[in-house]
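Numbering (this note's numbering), first residue to last: 6 to 89.
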Amino acid sequence: MIIYFDIKSDELKELPESNEYQWFGLTSLKGCVGLYGGDDMYGDITLGLDVWIMEQDGRTRLMKNNCNNSYFRDQSLSNIVLLG
């Protein structure tokens with residue numbers, strides 16, 4: 006379970022759990038909190054990768070990548086970890 010503070014509503018909220026076809030992880034990216042995740046709803050046919058970074062002024066989506074091969078997704082994830 007991940008709890009976050011919503012600055013717009015001034016409330017603590019729970020980040021919804023992913024379903025069995027989605028995955029995500031937290032990392033440190035250039036000194037900021039980063040969240041990356043995606044889906045593989047069709048096995049190895051369609052894969053997606055989204056990356057967000059939490060800055061002091063809010064959340065910004067850095068990248069949305071649709072891949073057709075899990076190898077490229079895994080390579081993208083290894084690059085994210087190296088940047089952290």
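Where is the CB? At the ideal position from N, CA and C, for every residue including glycine.
Strand pairing of Lys18, partner residues [DSSP] = The beta-bridge partner set that DSSP reports for Lys18 consists of Tyr9.
Hey, quick one: how far does the beta strand (DSSP E) through Gly42 stretch, first residue to last?
-> Gly42 -> beta strand (DSSP E) spans 37-44.
If we ignore side chains and look at the alpha-carbon of each, how far apart do Lys35 and Trp57 end up?
-> Rounded to whole angstroms, Lys35 to Trp57 spans 12 angstroms at the Cα level.
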